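**Q** Input: one structure, supplied below.
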Amino acid sequence: MTLELISYILGGLTIGSALMVILSSHPIRSVLYLVVTFFFISGHFILMNAQFLAVVNIIVYAGAIMVLFLFVLMLLNLNQANEPKAKNVISFSSIIGGGLLLLVILAALREGLTFNKVIQKSGTGLVEQLGNKLFTDYLVPFEISSILFISAMVGAVLLAKREKPQID
Amino acid sequence: MSPVLAATSGLSIDYYLILSTVLFSIGVIGLLSRKNMIVMLMCIELMLNSVNLLLVAFSSYFGTNDAQIFVFFIVVVAAAEATVGLSILIMAYRNNRSIDADLLNNLKG
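So the sequence lines, in the order shown, correspond to chains A and B. Our numbering puts the first sequence at residues 1 to 168. Our numbering puts the second sequence at residues 169 to 277.
Shown next as structure tokens:
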């Protein structure tokens with residue numbers, strides 16, 4: 001009963017902080033609110049017995065990716081003064097469009113609502129179980145993802161490198 | 169297995185369906201309405217994370233952990249995507265001295 005209450009409160013907080021990401025005009029504040037959102041989503045993962053993913057979410061998303069975003073923001077020295085402002089028409093129509101998307105998805109889900117309880121097997125989300133699965137059934141995708149990482153790394157270095165001045 | 173790990177939330181799957189749909193729509197609205205390219209990339213991360221939430225919910229709904237492997241791979245792809253996206257953004261900033269997405273309209277006829 002109390003866990004249910006915790007889930008509802010956590011869901012409300014998640015939606016609230018996700019709204020603050022898109023509503024706050026300062027980009028650094030949006031990054032920090034996104035970190036808070038990821039922490040709340042990790043809380044959901046813990047409530048659903050996915051402990052390993054909760055830790056990975058905090059380490060990789062909140063720890064690495066968001067720090068990268070924050071670093072780029074600080075590097076480019078962006079502040080509120082040169083924040084590009086969207087036209088009123090664009091923000092209004094995007095709210096209409098996103099709201100319609102929400103409406104369509106919810107209307108499509110309405111037939112499928114089952115009110116079945118989430119079954120909780122203990123230990124499916126632990127490192128041992130996930131590692132067994134990852135290194136037997138999903139070994140090939142795991143190895144391919146390392147190729148993806150190398151290509152992303154090379155691409156990032158190549159794109160962000162300062163071009164050499166031309167010397168004739 | 170220790171009893172702490174067997175905690176049940178007793179929530180229905182619909183709660184997570186609706187929650188992740190709302191989070192995804194918030195991401196879409198942010199992506200469409202903001203012009204700052206960093207905030208647009210962050211909204212993509214938010215959408216990816218809402219999908220992760222739904223995958224984990226269905227993983228514990230069916231009692232298998234295949235979907236959690238998929239979440240693991242989504243996190244991997246999101247990390248690679250964020251790296252390349254941010255380096256493209258730095259290049260765009262070097263060319264335009266701004267990260268306004270509307271300035272990148274050279275292909276407009």
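Backbone N, C-alpha and C fix where the C-beta goes; we use that ideal spot for every residue, glycine too. None of the values given here were measured: they were computed from a predicted structure.
Please compile the residues from chain A whose C-beta is within a distance smaller than 8 Å of the C-beta of B:Asn263.
**A** Here the premise fails: no neighbours, minimum Cβ distance about 11 Å.
**Q** Can you give me the C-alpha to C-alpha distance between A:Tyr8 and B:Asn274, rounded to a whole angstrom?
**A** Rounded to the nearest angstrom, the two C-alpha atoms are 47 Å apart.
**Q** Excluding the 5 residues flanking A:Glu143 on each side, which residues of the same chain have their C-beta closer than 7 Å to its C-beta?
**A** Closer than 7 Å at the Cβ level, and outside the excluded window around A:Glu143, lies no residue.
**Q** Applying the 10 Å Cβ sphere with the 16-neighbour rule, what's the burial state of A:Glu163?
**A** That one is exposed.
**Q** Against chain A, does B:Ile212 count as a neighbour if the rule is that its beta carbon must be under 8 Å from one of theirs?
**A** No - not a single Cβ of chain A is within 8 Å of the one on B:Ile212.
**Q** Excluding five sequence neighbours on each side, which residues of the same chain lie with their C-beta closer than 7 Å to the C-beta of A:Phe52?
**A** If we look at A:Phe52 and ignore the five residues flanking it on each side, its Cβ neighbours are Gly125, Leu126, Val127, Leu130.
**Q** Per DSSP, what kind of secondary structure is A:Asp137 in: helix, strand or coil?
**A** It is coil, neither helix nor strand.
**Q** Between B:Ser218 and the rest of its own chain, which residues show a CB-CB distance below 6 Å, the 5 nearest in sequence each way excluded?
**A** Cβ neighbours of B:Ser218 beyond the five flanking positions: Ser188, Leu191, Phe192.
**Q** Compute the Euclidean distance between the alpha carbons of B:Met210 and A:Leu34, then round it to the nearest angstrom.
**A** Approximately 8 Å between the Cα atoms of the pair.
**Q** For A:Ser17, tell me which candidate among A:Leu32, A:Leu3, A:Ile6, A:Ile65 has the shortest Cα-Cα distance.
**A** It is A:Leu32 whose Cα lies nearest to the Cα of A:Ser17.
**Q** What residue range is occupied by the uninterrupted alpha helix (DSSP H) comprising B:Leu187?
**A** Segment 181 to 201, the alpha helix (DSSP H) holding B:Leu187.
**Q** Can you give me the C-alpha to C-alpha distance between B:Leu185 and A:Gly98, rounded to a whole angstrom?
**A** Taking the straight line from one Cα to the other gives about 17 Å.
**Q** Roughly how far, in whole angstroms, is the beta-carbon of A:Phe39 from the beta-carbon of A:Ala62, given that I think they are within contact range, below 8 Å?
**A** Rounded, the Cβ-Cβ distance is 6 Å, consistent with contact.
**Q** Alpha carbon to alpha carbon, how far is B:Ser266 from B:Val207?
**A** The straight-line gap from Cα to Cα measures roughly 13 Å.
**Q** Under a Cβ-count criterion, where at least 16 other Cβ atoms within 10 Å of its own Cβ denotes burial, should A:Ala108 be classed as buried or exposed?
**A** Exposed: under 16 other Cβ atoms inside 10 Å.
**Q** Using a C-beta cutoff of 8 Å, does B:Leu275 count as contacting chain A?
**A** No, B:Leu275 lies away from the interface with chain A (no Cβ there is under 8 Å from its Cβ).
**Q** Give the straight-line distance between the Cα atoms of A:Leu19 and B:Gly253, rounded to the nearest whole angstrom.
**A** Rounded to the nearest angstrom, the two C-alpha atoms are 23 Å apart.
**Q** Using a beta-carbon distance below 8 Å, is B:Ala175 in contact with chain A?
**A** With a pLDDT of 47 at B:Ala175, under the threshold of 50, the modelled position of this residue cannot be trusted; read the value that follows with caution. Interface residue, yes.
**Q** If we define contact as Cβ-Cβ less than 8 Å, is B:Met169 a contact residue for chain A?
**A** Low local confidence applies: a pLDDT of 39 at B:Met169 is under 50, so the model's placement there is unreliable, with the coordinate-based value given in what follows. By this cut-off, B:Met169 is an interface position.
**Q** Could you confirm whether any beta carbon from chain A is found closer than 8 Å to the beta carbon of B:Met259?
**A** Closer than 8 Å: yes.
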